[in-house]
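All residue numbers in the sequence shown are consecutive under this note's numbering, ending with 479. Note that beta-carbon positions come from the ideal geometry of N, C-alpha and C, so glycine has one too. These notes concern the structure reproduced below.
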Amino acid sequence: MSTLRTLSLAGLLAMSATVGAIAQDVVNLRYAIWDQSQVPTFEKLIAVFEEANPNVNVDMQVTPFTNYWTKLQTQAGNGDLPDVFWMNPFNFPLYASQGVIAPIDDLAAASGFDVEAIPQQMRDIYSYDGNLYALPNNRDAIVVWYNKKLFADAGVAEPAADWTWADFQDAAQKLTNNEAGIWGTAAQMNFRATFLNTIYQAGGTVLSEDKATAQWDTDAARQGVQFWVDLANAGATPTLEQLASTDESSLFMSGKVAMIWTGSWMGITYKGSELAANGQLGVVGLPKGPDNSAASTSSLGNVLSPLTEHADEAYAFIEFLGSKEAADIYTQGGIALSAYPEFDQNFVDYFAGAFDAQPISDQIAKTFNMPVSLNSSVWQKAINERMAPVWLGQTPVEEGLAALQADMQAALEEEANL
C-alpha cells in the first residue's frame, strides 16, 4: 500500500473550527461501504443527517467486499480517497500506521462529543498509537444458531445458557443421523467463527498483548483446536470437502446441520428462512470451555480521509453515525447491535416472532477483541495453510500448531520493518 502524504491533525482542526458551525456552501461527501444489505438502513441515517445539515449531500458508494480493499488501495495511491469510508479491525492497524486514515480524538474533543459513552473495549478496536481513529458503528459476536426441530426429532434438550463444551459435543453426536444425512454441527475451518473462540475459552490467545509474540504452541491452543478435530473424528460434521461444495449456512438452513457457530450478523438472513417462519430457529451463547464462554467480537468503523477537503462536514457525518441518535435508528433495522448497550432491546424486538435474540445481547457482554497486528493478512494466510491438513486429519494438532507458531512468529518479526 502506498504511504500517503497525510494531513496533519493541526491542519484538520484548522479546517474544522467547530463541528456545529458548518459553512453553508453546498458540500458533497463521498461515503464508501461494502454491504448492500445495509443500504436501506444507511439511507435512513443519511436522510436524517442531511435534514439537519441541508448544505451537505452524502453520496453513498457501495463496492462488494471482495473488491472493496483493492479499490481503496488504488484510491489511496491516487490521492482520491472517499471523504468517509468503512474500516474493519483486520485492516485498521496497517491503514492507521501508513497514514491513510486520520485520527479523530481531537476533533471529537473540539466538538464536545462524549467519546467515553462508547465502551472502552469498542474504542480499543480503533485506537492506534494512543489515538482514536473511528467511532465504532456496531457490535457483533459469534453465537450458536440451532434447529429446534432437529433437536426435538433426536430427543435432545435444547441448549441452556450455561452449557459447556462437553454438552455441545454430546449434542452434536446425538444429533448426527447418517441415514438421514444430518450432522450435529459444521466444523468449518474458520478462524474467527470457530477455533479462535475455543482457544480463548481454554484460557489462551494467539497473539501477545504487545503484538510481538505468537502463542499457538500452548496447551490452550492445542485444546481449542482439538475440540473441533474431535468433532470431525466423531463424524459429527461434514468434511472440509463437503463444506467447500455447500457452505455451512446453506446446510443449516436446509435442515442438514443442527448447530453452527457463526456471527450474530446472520440474524437478518436467518429471519427470512423457513426455519424462522416455522418457529424452528434458535440461538444461544457459546458453550463454556475450561476457562470461560467468551466469543470474539468485531465492529465496523467509519473513518476519515486525511485528504478530505471537507473535514468539518466529514467529521460531523462520522460523529452522527457514532451517536446515540444513529444507534437508535440502526438497531431498529436488525442489522447489528450498536456500540451503545442501551439500544440492544431495539435489536431484540426486531426479531421477535422469528426467534429470541436476547442470547445475542447476552453473549456480546462476554466478548474479546479479535487479535490483529500491522500486517495480519500474512499470518492469517499461514493459519489457513497450516490448519487445513490438521482439519483433514493429515497432520496431528501439536505438529500443525508448532509449524504455525514458527510461521506467525516470522511474520510478526517482519512487521518491524514495515
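Assigned secondary structure, residue i (DSSP; H/G/I helix, E/B strand, else coil)
| i | result |
| --- | --- |
| A82 | Low confidence applies here, because A82 scores a pLDDT of 44, under 50, leaving its location unreliable; read the following figure in that light. Looking at A82 - three-state DSSP - the assignment turns out to be coil, as it is neither helix nor strand. |
| W480 | Outside the displayed range of the chain (62 to 479) lies residue 480, so it cannot be described from this structure. |
| D120 | strand |
| G362 | strand |
| I162 | coil |
| G324 | strand |
| G265 | coil |
| A113 | helix |
| L211 | helix |
| I444 | helix |
| N294 | helix |
| I186 | helix |
| K349 | strand |
Between the CA atoms of residue j and residue i - distance to the nearest angstrom
| i | j | result |
| --- | --- | --- |
| F229 | G160 | 45 Å |
| E240 | V267 | 39 Å |
| K385 | Y401 | 7 Å |
| L126 | N149 | According to the sequence shown, residue 126 is Phe rather than Leu. Between F126 and N149, the C-alpha separation is close to 11 Å. |
| G296 | W277 | 26 Å |
| V409 | L257 | 26 Å |
| T102 | I390 | 8 Å |
| Q341 | G316 | 10 Å |
| T64 | G138 | Per-residue confidence for T64 stands at a pLDDT of 36, beneath the threshold of 50, marking its modelled position as unreliable; no derived number is given. |
| F151 | P197 | 14 Å |
| G245 | S269 | 34 Å |
| Y92 | A293 | 44 Å |
| G264 | F429 | 12 Å |
| S69 | N192 | Model confidence at S69 stands at a pLDDT of 37, short of 50, so the residue's coordinates are unreliable and nothing is read from them. |
| F412 | D423 | 15 Å |
| W95 | G333 | 21 Å |
Beta bridge counterpart(s) of residue i as assigned by DSSP
| i | result |
| --- | --- |
| P197 | G362 |
| T428 | A356 |
| R91 | D120 |
| N238 | I243 |
Quick one: any contact between the stretch 284-294 and the stretch 453-468, if contact means 3 or more CB pairs under 8 Å?
yes
Quick check: the stretch 294-303 against the stretch 364-371, are there 3 or more CB pairs under 8 Å?
no
Counting Cβ pairs, one atom from each stretch, are 3 or more of them under 8 Å apart for the stretch 155-175 and the stretch 114-130?
no
Determine, using beta-carbon pairs with one atom in the stretch 339-354 and one in the stretch 216-232, whether at least three such pairs fall under 8 Å.
yes
Would the stretch 310-330 and the stretch 113-121 be scored as touching if the rule is three or more Cβ pairs under 8 Å?
no
As an exercise, report each continuous beta strand (DSSP E) stretch of at least 3 residues that is fully enclosed by the stretch 386-415, in chain order.
none
Under 8 Å, with one C-beta from each stretch per pair, do the stretch 437-457 and the stretch 234-254 reach the 3-pair mark?
yes
Does the pairing of the stretch 356-366 with the stretch 189-205 give three or more beta-carbon distances under 8 Å?
yes
Segment contact, 8 Å Cβ cut-off, at least three pairs: the stretch 430-441 with the stretch 462-473:
yes
Which residue spans inside the stretch 275-319 form an unbroken beta strand (DSSP E) run of at least 3?
none
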